[in-house]
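Below: the structure, in structure tokens.
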Amino acid sequence: MGETLEAIRKSIRENKWTGPTAGHADGYVQTNLVILKKDLAYDFLLFCQRNEKACPVLDVTDAGSYVPAKSAPDADLRTDLPKYRVYRNGELVSERDHITDFWEDDFVAFLLGCSFTFEKALLDYGVPVRHIEENVNVPMYNTNLPLHESGIFKGSMVVSMRPIPAKDIAKAVQITARSPKSHGAPVHIGNPEEIGISDISAPDFGDAVTVREGEIPVFWACGVTPQAAAIASKPDLMITHAPGHMFITNLKDTDVTI
Numbered sequence: 009m010g011e012t013l014e015a016i017r018k019s020i021r022e023n024k025w026t027g028p029t030a031g032h033a034d035g036y037v038q039t040n041l042v043i044l045k046k047d048l049a050y051d052f053l054l055f056c057q058r059n060e061k062a063c064p065v066l067d068v069t070d071a072g073s074y075v076p077a078k079s080a081p082d083a084d085l086r087t088d089l090p091k092y093r094v095y096r097n098g099e100l101v102s103e104r105d106h107i108t109d110f111w112e113d114d115f116v117a118f119l120l121g122c123s124f125t126f127e128k129a130l131l132d133y134g135v136p137v138r139h140i141e142e143n144v145n146v147p148m149y150n151t152n153l154p155l156h157e158s159g160i161f162k163g164s165m166v167v168s169m170r171p172i173p174a175k176d177i178a179k180a181v182q183i184t185a186r187s188p189k190s191h192g193a194p195v196h197i198g199n200p201e202e203i204g205i206s207d208i209s210a211p212d213f214g215d216a217v218t219v220r221e222g223e224i225p226v227f228w229a230c231g232v233t234p235q236a237a238a239i240a241s242k243p244d245l246m247i248t249h250a251p252g253h254m255f256i257t258n259l260k261d262t263d264v265t266i
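All letters in the sequence shown, in the order written, are residues 9 to 266 by the numbering used here.
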């Protein structure tokens, strides 16, 4: 991908880049995407408010608009993500590189903060980010951490995992806590079984990464949570990003950092 945001977005729009966005567009805020029909938008907004750790809202479009006016007024949410997922009645029915032909006049799009945004800060302070090192997608897992319900929306939190050297954990917590709109500090450190993860080598989304001797798995709330909610709640239609394939906004990471 190109060096500038414009080149990156053009590459994605033209389907020249269809892979995960971690490690790209340093300094810019990346977001998760959820698109729903207008009649479910209020309940989902309330769901996000009640579960802000997993679903921090950064932008919401007007009904029928595919332009995120607050965060990227020159973008098109139908084409400007590397990969999309379409859920119908709780079932994943397709994965697509654009959703232009799916767009409807009553769609409302939500952009939710993503932990990819704080990864540059981790790297700048010498904290390793393994999935970037290994050039794979971040590992993500379903958990037993319950969510607060709103309307039809319910389920359990999805988390992303990064193996962190024990000596760097306090630093990682401090760095990420400064980015509450990008999920903030970890929700769990250590034993994955305590949050319902039986096999850390078999993520539910993304790719497994190496956990080296002296490293501890650290878990952050993840914006794939709404996709787990879609499976649990079964809305007629929900369109999302494919896990790890984010929308890159015009916002700088400093805009959402405390």
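Where is the CB? At the ideal position from N, CA and C, for every residue including glycine. Model, not experiment: these values are computed from the prediction.
Residue environment for GLU142: exposed (fewer than 16 other C-beta atoms within 10 angstroms of its C-beta). Runs of the alpha helix (DSSP H) spanning 4 or more residues and lying entirely within the stretch 169-209 occur at 177-185, in chain order. Straight-line spacing of the CA atoms in LYS61 and HIS156 works out to 11 Å.
By the C-beta density criterion, ASN59 is buried, having at least 16 other C-beta atoms within 10 angstroms.
When Cβ pairs closer than 8 Å are counted between the two stretches, the stretch 64-84 is seen not to touch the stretch 150-169, the count staying below three. When only Cα atoms are considered, PRO225 and GLY198 end up about 5 Å apart. For the options LYS242, ALA216 and THR233, the alpha carbon positioned closest to that of VAL144 is the one of ALA216. With 16 or more neighbouring CB atoms inside 10 Å of its own CB, ILE43 falls in the buried class. Boundaries of the beta strand (DSSP E) around HIS249: 246-249. Here DSSP, grouped into helix, strand and coil, assigns ILE224 to strand. Within the same chain, and ignoring the five residues on either side of PRO81 in sequence, the residues whose Cβ sits closer than 7 Å to its Cβ are VAL75.
Look at ALA117 here: in three-state DSSP terms it is strand. In the three-state DSSP reduction, ASP105 falls in the coil class, being neither helix nor strand.
Counting only runs of 4+ residues, the alpha helix (DSSP H) found wholly inside the stretch 126-171 occupies 127-132 and 138-141, in chain order. ASN150 sits buried, since 16 or more C-beta atoms from the chains shown fall within 10 Å of its C-beta.
By DSSP's assignment, GLU14 forms no beta bridge with any residue. Counting the other Cβ atoms within 10 Å of the Cβ of ASN40 gives 16 or more, which makes it buried.
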